Structures are given as C-alpha cells and as structure tokens.
Amino acid sequence: MLYQDVIDIQATSDYDKDEFKLGLARLNTIYDHFVATYGFINLAANARLFERDDRYPLIASLEEEELDENDSSKIVYIKSEAFKKALVRPKKLKIVDSAYEALMTSLSEGRGVDFDLMMSVYPNSTKDTLVEELGTLIMIDVEWYQQSNVIAYEIKDAALAGDVRTKRDIAQSLLEKGDNAADWEWYVEQFEQVIPEDVLITDISFNLGSAWIPNRVVGYFAWKVLGDSHDMTFEDEACDNVITTTKIGRGIKQKFVNRIMNRQGNIKFGLREKLQVWTWT
185 MLYQDVIDIQ ATSDYDKDEF KLGLARLNTI YDHFVATYGF INLAANARLF ERDDRYPLIA
245 SLEEEELDEN DSSKIVYIKS EAFKKALVRP KKLKIVDSAY EALMTSLSEG RGVDFDLMMS
305 VYPNSTKDTL VEELGTLIMI DVEWYQQSNV IAYEIKDAAL AGDVRTKRDI AQSLLEKGDN
365 AADWEWYVEQ FEQVIPEDVL ITDISFNLGS AWIPNRVVGY FAWKVLGDSH DMTFEDEACD
425 NVITTTKIGR GIKQKFVNRI MNRQGNIKFG LREKLQVWTW T
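Plus 184 on top of the position in the sequence shown (first one is 1) and you've got my numbering.
In structure tokens:
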C-alpha cells in the first residue's frame, strides 16, 4: 500500500528526503484520481467496500472532516496533513561507544550492516574504522562482489550460511586471480570449515518409484535393464518416453511395454505379466 510506504520511509531520522517527496507526490496523484472516480474515501459507499480491510482506519485517516462552507449541516472531506509533510517522528537512536553496539543497532533496525547508520550512532567512526574494529564479525558478500565488483558486508553468520560450496569456490577463484580486496585465503578457510560432508548414495534411502527421482532417470534405468537398446545413453529422447505421470502416480507407457515385453529375458523372469499390470496408456 502506497501510504504505508510513505510512512515506512519516515521510520528513520536519516530517511531519504527526495524519496519521501516522490512518494508524497505519487500519493497525492493516486488519491486525486480515486476521489475523481469514486468520491471521498470516507463516503458511506466506499466505507462499506473497505470495511473488511483491516487497514481501512489507516486509509480513512488520509481525510479530515470539516463543515461545508455553503451548508453547515453538510460534512465534506479534505486532505489530511499526511499529504503535505512528514508526520512520523522516528525514534531517536541511542548513541553507542563501540562498533559492536553500532552493528547491533543496525541489525535491530533491520538495516543489516549499514555503515551510514552505524556511523550516525558511533561518534567519530568511519567505514574503515568500523570494518577494522568489527574484524571477523562481518564478512564481504563474496557472491555480490563477484557479480558487481562492489564490496558489501554481511554478518559472519549470514556469510557462512547458504550455498557455502559456491562461496568457497568464488573465494578460491579470487585468491587465484590475485584479487586484493580481502584476505581470500582466510575466506576459503572459513567456508571450508562449514561445508557439510558429502552425502553418499549409500546414505540415501529410496526406491525406484520415489517421486523425487525424475522420469528420465527411471526411463533410462528401464531401458538398460528391460530394453533392447544396450547402447542407450541418458541423453536419448527415448528415456523420456517410458514413464507417464497422472494424479494417482506414475506408470509405464504402453508403447514401451509393447516394445520390450516379448524379450526372452523379460518372459523368463515373469516380467511380462507384471509389466502389463504396471502399464498406463
């Protein structure tokens, strides 16, 4: 909701004044269009339409009541002060005396590692002194750095979460390229410490009908075990023409069964009858 956006912009003492002015202009434009088309927000007809919206009181507050100059018994609506100026008084952030406290303030405000905010609450600090004082509490976002060549920081816990293998590989690549934006050898070590052990196939419990196994994989297996094309590869389109999926599960396509059901090996092991049972057209 646009009005909520305008309110949110004002949430901090250092909010972007240009962004606020732009939001205010959009709010005025949209409101004027609404009133010209449907009438005032607080008109009974509109109030009934909005009454189930739990944000209606906020929307309704955009208008103020006043008596019509020409008819004192008639109420008209005018724009509230919210259309003209900032009304939200942002809470004043407490001044701190350490980079750690500045970081905690930034995080509690939902701003992540925001150096501008941290410098505003930690007197005489600069971005460089904050980075130095915070040390290993923060790390460069290696994925963003690789994409944009722009250094942005995040807290260490966030940096060491997610796809840490890819992050390790990025740091390793930067190290090999001789990039000097950070101690990439240290970054590689940090990522390697949290990379989980590989899951071996023997550790995975599954059966051939498991829904997470792609149809192509099952189809390839079926061709290799039951089919007559021993030179079949996983890339062959035929692997996609074995399994069919319906609302009640997966089955074997009739065309595949017709091709392989009379193979001597399948008849010998009694698979011919079972294949007919498993077949869906």
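Cβ coordinates follow ideal geometry from the N, Cα and C atoms, glycine included.
This one's a predicted model, so the numbers in the text were calculated from it and none came from an experiment.
When only Cα atoms are considered, aspartate 198 and arginine 273 end up about 11 Å apart.
Within its own chain, no residue has a Cβ closer than 8 Å to the Cβ of valine 409 once the five positions on either side in sequence are excluded. For threonine 221 and glutamate 293, the gap between their C-alpha atoms comes out near 39 Å. Look at methionine 445 here: in three-state DSSP terms it is coil, with no helix or strand label. For the options Ser245, Leu287, Lys351, the alpha carbon positioned closest to that of glutamine 377 is the one of Lys351. The C-beta of tryptophan 396 has fewer than 16 other C-beta atoms within 10 Å across all chains shown, which makes the residue exposed. Under the Cβ criterion (8 Å, minimum of three pairs), the stretch 247–261 does not count as touching the stretch 270–290. Within the stretch 318–356, the runs of alpha helix (DSSP H) that reach at least 4 residues and sit entirely inside it are, in chain order, 326–332, 340–343.
Asn364 is the residue among Asn364, Ser304, Val305, Glu360 whose C-alpha sits nearest the C-alpha of asparagine 333.
Residue pairing of glycine 433 in beta bridges, as defined by DSSP: Thr430. Judged by DSSP in its simplified three-state form, leucine 186 adopts helix.
Within the model, the alpha-carbon separation for phenylalanine 390 versus aspartate 298 is close to 46 Å. Straight across, the Cα-Cα distance linking tryptophan 370 with alanine 244 is about 56 Å. Checking the DSSP bridge columns, you'll see valine 402 has no partner listed. Here the C-alpha atom of valine 315 lies approximately 10 Å from the C-alpha atom of leucine 287.
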